[in-house]
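Notes for the one structure printed next.
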Ligand SMILES: Cc1cc2nc3c(=O)[nH]c(=O)nc-3n(C[C@H](O)[C@H](O)[C@H](O)COP(=O)(O)OP(=O)(O)OC[C@H]3O[C@@H](n4cnc5c(N)ncnc54)[C@H](O)[C@@H]3O)c2cc1C
């Protein structure tokens with residue numbers, strides 16, 4: 017039997033309920049106060065705040081609004097810093113490190129409040145998240161983090177020993193884990209649609225299918241070359257996150273500070289609420305510590321499983337990444353061998369060299385980016401913060417202001433080292449006692 021349903025789509029499952037807008041062919045303004053590049057959560061949140069304050073704002077988007085990660089993600093909302101206090105403290109001191117990592121909590125509070133005010137339904141539910149340990153060593157590290165760091169950062173967390181993890185997930189794969197009750201799930205494309213409608217309502221102009229190809233000038237007088245000609249702007253905001261266009265793109269300074277990495281998701285055919293509910297007894301979002309970094313959940317209707325992960329750090333043909341993800345899914349739920357897949361898609365996330373996001377100004381261009389794979393809460397928050405800074409308001413400051421947005425020698429925005437990194441991560445998993453994923457098809 018084939019693993020693929022007839023007519024399997026290589027587009028996000030989320031687009032069924034919130035399809036991308038068709039190309040509008042709309043004109044771009046000749047002159048604005050602020051030009052934002054990218055119509056995902058960051059750009060639209062920034063545009064909403066600026067337009068609400070009376071600024072003339074245009075948002076340029078290379079594809080349809082939301083073409084990037086913002087309508088492709090797993091819809092898990094919570095915190096997800098990869099950096100640890102002690103690591104950051106080595107460079108910035110403990111106080112600054114705590115301030116940075118506490119922004120995760122602030123971003124969650126901010127974005128949940130924002131969702132309440134948006135039109136439409138983002139289908140948000142506070143579901144809690146279970147973080148499954150891929151090995152006994154991973155479990156020990158999680159338990160240490162829960163004791164030492166989580167309380168300092170204001171994060172509620174419960175250590176879940178292996179014997180009782182069945183409350184959260186019907187698998188023997190994990191060696192216990194953590195339960196994070198403040199986390200939740202939403203429909204990312206419906207959330208994006210609400211944000212887009214709000215930004216437009218406030219007066220922001222969104223110009224779709226219009227890539228920005230060049231910028232020249234300085235704050236006060238930027239000349240922006242794009243798919244419809246030219247626009248002058250006093251300020252420019254880069255909100256393209258993992259879609260930098262590499263070193264040859266229009267933002268080379270930012271590109272050399274971000275590492276774009278593909279993340280892939282598959283959706284199963286509808287399996288029925290009872291079957292899905294039995295696999296996810298707590299209805300939680302699930303994330304794991306294996307290097308392949310599976311993250312999975314029931315869809316918002318509780319009918320299917322959406323299973324995401326790093327099929328590879330490199331871009332693979334869609335069917336190959338779907339096959340690898342299916343193998344990962346079967347390593348968690350071996351009983352799903354006969355369940356077929358209806359969707360498979362990918363998007364790009366942006367990693368930073370220090371593991372924390374950055375929001376500020378580089379060469380006169382504002383930016384908020386580098387969410388390291390966890391931007392559903394952070395991107396709207398930092399987009400709003402950048403807008404507050406452009407407006408000259410003190411509350412635009414963030415804990416990340418103290419962190420240097422680092423580049424690396426020999427890196428210009430095209431990550432040539434990912435195959436080596438992938439190999440290293442696999443070896444690391446083996447050393448840490450993580451079970452290998454068996455190839456099923
Ligand atoms: C598969 C996947 C799963 C994920 N799952 C989760 C999750 O469950 N929870 C979580 O917290 N985070 C998750 N993330 C991360 C999260 O989706 C992102 O961090 C967030 O959406 C970033 O928003 P953004 O607006 O900054 O960038 P994006 O939504 O990527 O938007 C950037 C936009 O900029 C446009 N652009 C770039 N350059 C130009 C240019 N020169 N001209 C015009 N337009 C340009 C792009 O076309 C793109 O539409 C996931 C990401 C992916 C890809």
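Numbering (the numbering used here), first residue to last: 17 to 457. Cβ atoms here follow ideal geometry from the backbone N, Cα and C, with glycine treated the same way.
For residue i versus residue j, is the C-beta spacing smaller than 8 Å?
i, j, result
"residue 382", "residue 228", "no"
"residue 155", "residue 149", "yes"
"residue 57", "residue 211", "yes"
"residue 79", "residue 255", "no"
"residue 343", "residue 453", "yes"
"residue 249", "residue 238", "yes"
"residue 76", "residue 51", "yes"
"residue 36", "residue 83", "yes"
"residue 87", "residue 204", "yes"
"residue 200", "residue 176", "no"
"residue 98", "residue 330", "no"
"residue 386", "residue 396", "no"
"residue 92", "residue 392", "yes"
"residue 366", "residue 258", "yes"
"residue 247", "residue 46", "yes"
"residue 508", "residue 318", "Lying before the first or after the last residue shown, residue 508 is absent from the chain, which here runs from 17 to 457."
"residue 90", "residue 313", "yes"
Closest to residue i by C-alpha separation, out of the options, would be which residue?
i, options, result
"residue 347", "364, 306 and 335", "306"
"residue 428", "255, 265 and 79", "265"
"residue 308", "192, 20 and 337", "337"
"residue 407", "209, 125 and 69", "69"
"residue 320", "190, 352 and 89", "352"
"residue 114", "215, 364 and 100", "100"
"residue 327", "240, 376, 279 and 86", "279"
"residue 399", "364, 322, 300 and 215", "215"
"residue 447", "349, 153 and 45", "153"
"residue 301", "288, 151, 172 and 316", "316"
"residue 244", "236, 224 and 260", "224"
"residue 420", "259, 378, 246 and 140", "378"
"residue 368", "357, 358 and 384", "384"
"residue 263", "431, 91 and 324", "431"
"residue 196", "387, 298, 241 and 261", "298"
"residue 334", "19, 26, 18 and 20", "26"
"residue 456", "312, 349, 418 and 409", "349"
"residue 380", "236, 111, 339 and 424", "236"
Does ligand 1 have even one heavy atom less than 7 Å from the beta-carbon of residue i?
i, result
"residue 330", "no"
"residue 259", "yes"
"residue 325", "no"
"residue 240", "no"
"residue 348", "no"
"residue 227", "yes"
"residue 385", "yes"
"residue 9", "Because the chain is modelled from 17 through 457, residue 9 falls outside the range shown and cannot be assessed."
"residue 36", "no"
"residue 143", "no"
"residue 280", "yes"
"residue 287", "no"
"residue 92", "yes"
"residue 45", "no"
"residue 58", "yes"
"residue 195", "no"
"residue 85", "yes"
"residue 79", "yes"
"residue 89", "yes"
"residue 457", "no"
"residue 53", "yes"
"residue 395", "yes"
Within 10 Å of its beta-carbon, does residue i have 16 or more other beta-carbons around it, so buried, or fewer, so exposed?
i, result
"residue 103", "exposed"
"residue 181", "buried"
"residue 106", "exposed"
"residue 145", "buried"
"residue 361", "buried"
"residue 433", "exposed"
"residue 217", "exposed"
"residue 95", "buried"
"residue 22", "exposed"
"residue 42", "exposed"
"residue 449", "exposed"
"residue 251", "buried"
"residue 310", "buried"
"residue 290", "exposed"
Does the beta-carbon of residue i, which I'm using as the reference point, lie nearer than 7 Å to any heavy atom of ligand 3?
i, result
"residue 76", "In the structure shown, ligand 3 is absent; the only ligands present are ligand 1."
Problem - the region 159 to 174 contacting the region 259 to 276, beta-carbon criterion three pairs below 8 Å - result: Between the region 159 to 174 and the region 259 to 276, the count of C-beta pairs closer than 8 Å stays below three; the two stretches do not touch.
Problem - the region 276 to 291 in contact with the region 405 to 420 per 3-pair CB rule at 8 Å - result: No contact exists between the region 276 to 291 and the region 405 to 420.
Exercise for the section: Evaluate contact between the region 25 to 34 and the region 229 to 236, counting only Cβ atoms and requiring at least three cross-stretch pairs below 8 Å. Expected result: The region 25 to 34 and the region 229 to 236 do not touch, with fewer than 3 CB-CB distances between them shorter than 8 Å.
Exercise for the section: Decide yes or no for the touch test of the region 59 to 71 against the region 388 to 407: beta carbon pairs closer than 8 Å, at least 3 of them. Expected result: With a cut-off of 8 Å, the region 388 to 407 and the region 59 to 71 count as touching, because enough Cβ pairs lie within range.
Exercise for the section: Answer yes if the region 422 to 440 comes into contact with the region 130 to 139, meaning at least three C-beta pairs across the two stretches below 8 Å, and no otherwise. Expected result: Flag = no, the region 130 to 139 and the region 422 to 440 do not touch.
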